[in-house]
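Engineer:
Numbering (our numbering), first residue to last: 5 to 318.
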């Protein structure tokens, strides 16, 4: 399948029409139309809906575009892998929402100064969304919690972070026989609490499920927004569970109580994940090294759980 025709399809999808796509590709509009006609002839089905304001992908076109995007990106990176050791080009990095606040300053400060030809776009969201975007080729590299095994993703361990149960202090009575901040809570106790958690597709919920947590559906609010989870907990509507790195504000606010979960402490694994179709370019190597360094610094500061055996480990 001709990669020029595939690039033409992706450009139309990105720009929403033939005119803008042709200009971006440096082609005439009739030439671009010819490329799409040949591609549709090759696959034997329509890939675009034409309408008065432009064009959009059909369902078949969407599937083809999602499959082609990482492959074309990999082809584009071949020259830099072979010939250019300097980190350069655009890289889209996806991270969990609560990690973005810890990483953004160093990424757009220190890393940008060190590699002025490297341009990073930072995207955040819950781990399940980040995983999906990486698989679809929308991201080049990502930080994920408890990444699922997949042929579309390769992952390496970056760190582990304690999962902490937290709520407003006035809800301490929900934990029978335990005062505010008094030691870890058994995972089984979650079944008796009013919980506010993200959906089961996300790494945090999978980690809780694997540890034996079985929230009562009648007492569970499923919320895929970190800001909304914080707001609901702040207003006393229930308990939630988040990694330590997400709770730097609550940890120093006396209105909240925080408990570890289980003994030994329940932890979520933080992974660096890549789409193998991208190839390991100098740009990606530079970002991986920076992420390792930044996580080590966050561990030293107590923002993240230090590794076992370290002086600051809990």
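Glycine residues also receive a C-beta, built at the ideal position from the N, C-alpha and C atoms. If you're wondering where the values come from, they're calculated on a predicted model, not measured in any experiment.
Out of 306, 142, 116, which has the shortest C-alpha to C-alpha gap to residue 291?
Structural biologist: Nearest option by C-alpha distance: 116.
Engineer: Answer yes or no: do residue 102 and residue 255 have a C-beta to C-beta separation smaller than 8 Å?
Structural biologist: The answer is no: Cβ separation not under 8 Å.
Engineer: Does DSSP classify residue 318 as helix, strand or coil?
Structural biologist: Only weak support is given to the placement of residue 318: the predicted model assigns it a pLDDT of 45, under 50, and the value that follows is read from those uncertain coordinates. Of the three classes helix, strand and coil, the one that applies to residue 318 here is coil, per DSSP.
Engineer: According to DSSP, simplified to helix, strand and coil, what is residue 275?
Structural biologist: Strand, per DSSP.
Engineer: Considering only DSSP beta bridges, list what residue 165 is partnered with.
Structural biologist: 272.
Engineer: Looking only at DSSP bridge pairs, what is residue 61 linked to?
Structural biologist: Partner(s): 52.
Engineer: Taking 8 Å as the threshold (C-beta atoms), are residue 91 and residue 286 in contact?
Structural biologist: Taking 8 Å as the Cβ cut-off, residue 286 and residue 91 qualify as a contacting pair.
Engineer: Would a C-beta distance cut-off of 8 Å place residue 278 and residue 158 closer than the cut-off?
Structural biologist: For residue 278 and residue 158, yes; Cβs fall inside 8 Å.
Engineer: Whole beta strand (DSSP E) runs in the region 218 to 298 with 3 or more residues, listed along the chain?
Structural biologist: Correct list: 224 to 226, 244 to 247, 260 to 264, 271 to 278.
Engineer: Is residue 146 helix, strand or coil by DSSP?
Structural biologist: In the structure shown, residue 146 sits in a strand (DSSP, three-state: E or B).
Engineer: CB-CB under 6 Å to residue 238, same chain, minus the five flanking residues each way: which ones, in chain order?
Structural biologist: Answer for residue 238: no residue qualifies.
Engineer: When DSSP labels each residue in this structure, what does residue 90 get in the three-state scheme?
Structural biologist: If DSSP states are grouped into helix, strand and coil, residue 90 belongs with coil.
Engineer: Of the choices 276, 200, 104, 105, whose alpha-carbon is the least far from that of residue 232?
Structural biologist: Minimum Cα distance to residue 232 is reached at 200.
Engineer: Could you check the C-alpha separation between residue 173 and residue 263 for me, to the nearest Å?
Structural biologist: Distance between the alpha carbons of residue 173 and residue 263: 11 Å.
Engineer: Give the straight-line distance between the Cα atoms of residue 296 and residue 311, rounded to the nearest whole angstrom.
Structural biologist: Near 13 Å, if we compare the C-alpha coordinates of residue 311 and residue 296.
Engineer: Per DSSP, which one or two residues make a beta bridge with residue 128?
Structural biologist: Beta-bridge pairing links residue 128 to 99.
Engineer: Does DSSP classify residue 107 as helix, strand or coil?
Structural biologist: Here residue 107 sits in helix by DSSP.
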